[in-house]
Amino acid sequence: MRKNTIKLTVAGSVMAVFLAFSGQTQAVELGAKAGTDFTELNAGMGRQTSGLYIDGNWAKNTKNGRQIGGAATGFNIPVGPAMINLGAKALYMQGSTSDNEGVAFPVGGGITVPFTDSLAFYAEGYSAPDALSNRVKSYTEADAGFSWVPFAPVKVKAGYRYIGLDGTAGNPNERIIDGAYLGAEMDF
């Protein structure tokens, strides 16, 4: 009897938290970006609306095999027509040496500024110092560009993406991704 009560309490608590944070319909986003030497896939929910969001991505340098993947969560705050987000990520990094392979927990934020109903500018940056990573001195990422919605639910993106690692003593600094890209996203 006690086990069932505990299970119901846990299930009810999880459901209450979920319902509290999903008071409005959340859009699901699925996207891909491709640059000269990299590919990135992402999926998320709630990035277009105020409140909580979740996001996941995987990026690979197609030239040298370095890659990164992880999950993010944060909070969107509308400021006039713009949307500001603050968040944190949990990432797995694979650099060129085993000493640059590990996890990082960067924090950061971004902004989306719409010019029209279909055209917007976006930018975001995340960073993890030595204290928030287990194998590198620091982790930095940035993404900025323009998005255009030719017709719903398709969004086209063009921008610049950077992901870099500063190695610890004796290990190399690395650029996992550094370049311009074109991408597409489906928002449901």
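Numbering (mature numbering (1 follows the signal peptide of the UniProt record, and there is no 0)), first residue to last: -27 to -1, 1 to 161. Every residue, glycine too, gets a C-beta built ideally from N, C-alpha and C.
Span separating the alpha-carbon of residue i from that of residue j
i, j, result
"GLY60", "VAL129", "24 Å"
"GLY118", "ASN144", "32 Å"
"ARG20", "VAL80", "16 Å"
"GLY68", "ILE149", "7 Å"
"ASN107", "LEU155", "32 Å"
"SER91", "MET66", "34 Å"
"THR85", "TRP121", "12 Å"
"THR89", "ALA(-1)", "20 Å"
"ASP103", "THR113", "11 Å"
"ALA32", "GLY43", "9 Å"
"TYR133", "ALA7", "11 Å"
"GLY137", "ARG39", "11 Å"
"GLY83", "GLY47", "11 Å"
"LEU64", "ILE41", "7 Å"
Whole-angstrom C-beta distance between residue j and residue i, which should lie under 8 Å
i, j, result
"ALA77", "ALA101", "4 Å"
"GLY152", "THR9", "5 Å"
"ASN15", "ASN30", "4 Å"
"ALA5", "ALA157", "6 Å"
7 Å Cβ shell around residue i - same chain, five flanking residues per side excluded
i, result
"ASP139", "VAL109, LYS110, SER111, ASN146"
"ASN37", "SER69"
"PHE161", "ALA(-1), VAL1, PRO126"
"TYR99", "LYS62, PRO79, VAL80, GLY81, GLU114"
Residue i (DSSP reduced to helix, strand or coil)
i, result
"ALA104", "helix"
"ASN73", "helix"
"PRO54", "coil"
"GLN40", "strand"
"THR113", "strand"
"GLN67", "strand"
6 Å CB neighbourhood of residue i in its chain, flanking five on each side removed
i, result
"THR141", "LYS110"
"ALA45", "ASP28, GLY60, LYS62"
Exposed unless 16 or more other CB atoms sit within 10 angstroms - verdict on residue i
i, result
"LYS62", "buried"
"PHE11", "buried"
"GLY17", "buried"
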